[in-house]
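Data block below; observations after.
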Amino acid sequence: MIIVPEREIANLMTRDAAFDAVESVFAAMASDDAYNFPVIREAIGHEDALYGFKGGFDRAGMTLGLKAGGYWPNNLEKHGVINHQSSIFLFDPDTGKVSAMVGGNLLTALRTAAASSVSIRHLAREDAKVMGMIGAGHQATFQLRAALEQRNFEKVIGWNYHPEMLPNIEKVAQEAGLPFEAVDLDGMIEADVVISITSTFNPSIMAKHISPGTHIACMGTDTKGKQEVEAGLLAKSTVFADEVAQSISIGEAQHAVAAGLIRKADIHQIGAVINGTHKGRTCDTEITLFDGTGVGLQDLAVAAAVVKRAVEKGLAIHVDF
Ligand code: NAD
923 MIIVPEREIA NLMTRDAAFD AVESVFAAMA SDDAYNFPVI REAIGHEDAL
973 YGFKGGFDRA GMTLGLKAGG YWPNNLEKHG VINHQSSIFL FDPDTGKVSA
1023 MVGGNLLTAL RTAAASSVSI RHLAREDAKV MGMIGAGHQA TFQLRAALEQ
1073 RNFEKVIGWN YHPEMLPNIE KVAQEAGLPF EAVDLDGMIE ADVVISITST
1123 FNPSIMAKHI SPGTHIACMG TDTKGKQEVE AGLLAKSTVF ADEVAQSISI
1173 GEAQHAVAAG LIRKADIHQI GAVINGTHKG RTCDTEITLF DGTGVGLQDL
1223 AVAAAVVKRA VEKGLAIHVD F
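So my numbering is basically just the index in the sequence shown, starting at one, shifted up by 922.
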């Protein structure tokens, strides 16, 4: 068995490798070569923690395993460790023997950023110039860094419910050599690509804030009840998802489907666009919307890539188990 500790992940995983791993597994999901298992998420009644498992099997990449972890709200204050904690376990699909244990904290941010990036690569207009960010928390910085590599952006605009957090994303724009402008929500109309990555339960983004031809990646809604965008925006958009079942149950589409504005059949797998079985964007005025809910197979894909690199670089810890 191989162990790749959390402290090694930053040295091993690149944004490009995360992108390739996530793009491949989305493609495998759409061709029915990979599937996610039902998600377990439990309030364990200790430390107010939410703990759970996300797993799956990718027959194309021969990756089997799970991510275990969750959210411990008191961690930072009481124990000096971050509140989100996760570890990824991989198993040999031929024998069921555990093959690797990999730190999952940084990988979660990288695989989530890779998902919106994959959607931008495949769905945004080629001539996209203005990148719009809704959200400025932990995930937002990873999202923006990866997104800026997908098109020749000339400017970043941002809005956040807590404006004092905006310098987090301004710094990323500056590192990429791009001007940053804080805008109100009406100002988002200027964006060609928008990423939303907030933890809100009340939508901030209304249909009127998004102009024709925009690609929007909704990445924050990953739980029943959360909502970042007005349901009517989904009715005006061509909607894609990492996984349709999650999109309608815990993703952004849960609200539009419940309101009868769109049907499950109106949501397309992003993997179908990657595989060329769905045409994706059809014109420059179409709004495309990616509902990225976060699936276990993304975690397994990046973990498998990390294990490979750790072995190549001699950084893998081998344990007789
Ligand atoms: P964070 O706590 O660092 O940041 C939270 C963000 O939400 C900030 O921008 C904050 O200003 C904003 N926010 C909080 N309350 C708000 C409100 N009432 N209205 C509008 N905005 C509000 O969190 P994070 O780690 O950056 O995670 C952001 C979201 O992404 C969470 O909902 C998290 O569950 C989700 N997430 C999704 C995936 C996925 O795969 N789709 C993966 C990881 C995290």
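Beta carbons: idealized from backbone N, C-alpha and C, even for Gly.
Here the structure is a predicted model, which means the values were calculated and not measured.
As a quick exercise: from the options, pick the residue whose alpha carbon is nearest that of residue i.
i       : options                            : result
Thr1122 : Ala1058, Phe1075, Asp980, Met923   : Ala1058
Ser1171 : Ile1192, Val1217, Met1128          : Val1217
Ala939  : Lys1230, Ile1127, Ala1050, Leu1183 : Lys1230
Lys1051 : Asn933, Phe1102, Gly1173, Gly1182  : Phe1102
Pro1015 : Glu1097, Gly978, Asn1082           : Gly978
Ala1035 : Ala1178, His1084, Arg937           : Arg937
Ile966  : Glu945, Phe941, Tyr993, Thr985     : Tyr993
Val961  : Lys1235, Thr1145, His1200          : Thr1145
Cys1140 : Ala1113, Gly1173, Gly1147          : Gly1173
Ala1113 : Asp1049, Phe1011, Ile1010          : Asp1049
Glu945  : Gly1236, Leu1219, Phe1243, Lys1235 : Leu1219
Arg1047 : Val1179, His1006, Gln1096, Ser1133 : Ser1133
Thr985  : Gln1096, Arg929, Glu1086, Phe1011  : Phe1011
Ser1009 : Gln1096, Ile1117, Arg929, Leu998   : Arg929
If residue i and residue j are in contact, beta carbons under 8 Å, what's the gap, nearest whole angstrom?
i       : j       : result
Arg1067 : Val1115 : That pair is no contact at about 14 Å.
Ala943  : Val1241 : Their Cβ separation, rounded to whole angstroms, is 24 Å, which puts Ala943 and Val1241 out of contact at 8 Å.
Val1166 : Lys1186 : 6 Å
Gly1202 : Leu1088 : At roughly 32 Å, the Cβ-Cβ gap does not stay under 8 Å, so Gly1202 and Leu1088 are not in contact.
Val1078 : Met1053 : 5 Å
Phe941  : Val1040 : 7 Å
Who are the near neighbours of residue i in its chain, counting only those whose CB is closer than 7 Å to its CB and skipping five residues on each side?
i       : result
Ala1062 : Met1055, Asn1090, Ile1091, Ile1119
Lys1158 : Ala1129, Ile1209
Ser1169 : Ala1163, Ala1175, Ile1189, Asp1213, Thr1215
Asp1108 : His1131
His1177 : Gln1149, Ala1153
Arg1043 : Gln1072
Verify whether the separation of the beta carbon atoms of residue i and residue j is less than 8 Å.
i       : j       : result
Lys1064 : Leu1100 : Residue 1064 is actually Phe in this sequence, not Lys. The answer is no: Cβ separation not under 8 Å.
Leu1028 : Ile931  : yes
Phe975  : Ala956  : no
Thr1143 : Glu1152 : no
Ile1192 : Phe948  : yes
Asp1221 : Gly983  : no
Phe959  : Gly987  : no
Thr1070 : Leu1155 : The amino acid occupying residue 1070 in the given sequence is Leu; Thr does not appear at that position. No; because the gap between Cβ atoms is not below 8 Å, this pair is not in contact.
Asp970  : Asn996  : yes
Ala1104 : Gly1135 : no
Ser1126 : Tyr1083 : yes
Excluding the 5 residues flanking residue i on each side, which residues of the same chain have their C-beta closer than 8 Å to its C-beta?
i       : result
Met935  : Leu1028, Leu1029, Leu1032, Val1224, Ala1227, Val1228, Arg1231
Ile924  : Ser1021, Ala1022, Met1023, Val1229, Ala1232, Val1233, Ala1238, Ile1239, His1240, Val1241
Asn1197 : Ala949, Ala952, Ser953
Asn1124 : Gln1149
Val1195 : His1044, Leu1045, Phe1162, Lys1201, Gly1202
Please go through the same chain and pick out, in chain order, the residues whose beta-carbon is closer than 6 Å to the beta-carbon of residue i, but skip the five residues on each side of it.
i      : result
Pro927 : Gly1025
Tyr973 : Glu964, Ile966, Gly992
Hey, is residue i's beta-carbon within less than 8 Å of any beta-carbon in chain B?
i      : result
Ala939 : Of the protein chains in the structure, only one exists, and it is not chain B.
### Query
Is there contact here, the region 1197 to 1206 with the region 1006 to 1022, by at least three beta-carbon pairs under 8 Å?
no
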